[in-house]
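Going by my numbering, the first residue of the sequence shown is number 1, and it counts up by one from there. The beta-carbon is built from N, C-alpha and C at its ideal position, and this holds for glycine as well. Predicted model, so just to flag it, every value in this text is computed and none were measured. One structure is given here, and the rest of the page talks about it.
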Amino acid sequence: VNPGMADWSQIRAVKESVSIPVIANGNILSYADIATCLEATKADAVMSAEAILWDPRLFSDPVLPLWTARMFHLSGSYRK
1 VNPGMADWSQ IRAVKESVSI PVIANGNILS YADIATCLEA TKADAVMSAE AILWDPRLFS
61 DPVLPLWTAR MFHLSGSYRK
């Protein structure tokens, strides 16, 4: 039975057995989870699917104020 939680030990086992980059996925729900996952899995990167939908700043430094992200978005970078 899968309780819906990722087993990071399985990702680490894959990382230790291959010589190509490994991207971890699962249980990345906060900015802090990124470092925790990378340490636990030794993966080369992480990705997130569901959590990014309800927290688009998931991969942003939480120390930066929200207006910083808004200013970047409104700075014309995406305007034609």
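Among Ala51, Leu58 and Met47, which has the Cα closest to the Cα of Val22?
-> Met47
Residue interval of the beta strand (DSSP E) (run including Val63) = Element bounds for Val63: n/a, residue is neither H nor E.
CB-CB under 7 angstroms to Pro40, same chain, minus the five flanking residues each way: which ones, in chain order?
-> Checking the displayed sequence, the identity of residue 40 turns out to be Ala instead of Pro. Contacts found: Trp8 and Arg12.
Thinking C-alpha only, which one of Ala51, Ile20 and Ala32 is nearest Val63?
-> Ala32
Looking only at C-alpha atoms, which of Ser60, Ala49 and Ala43 sits nearest to Ser17?
-> Ala43
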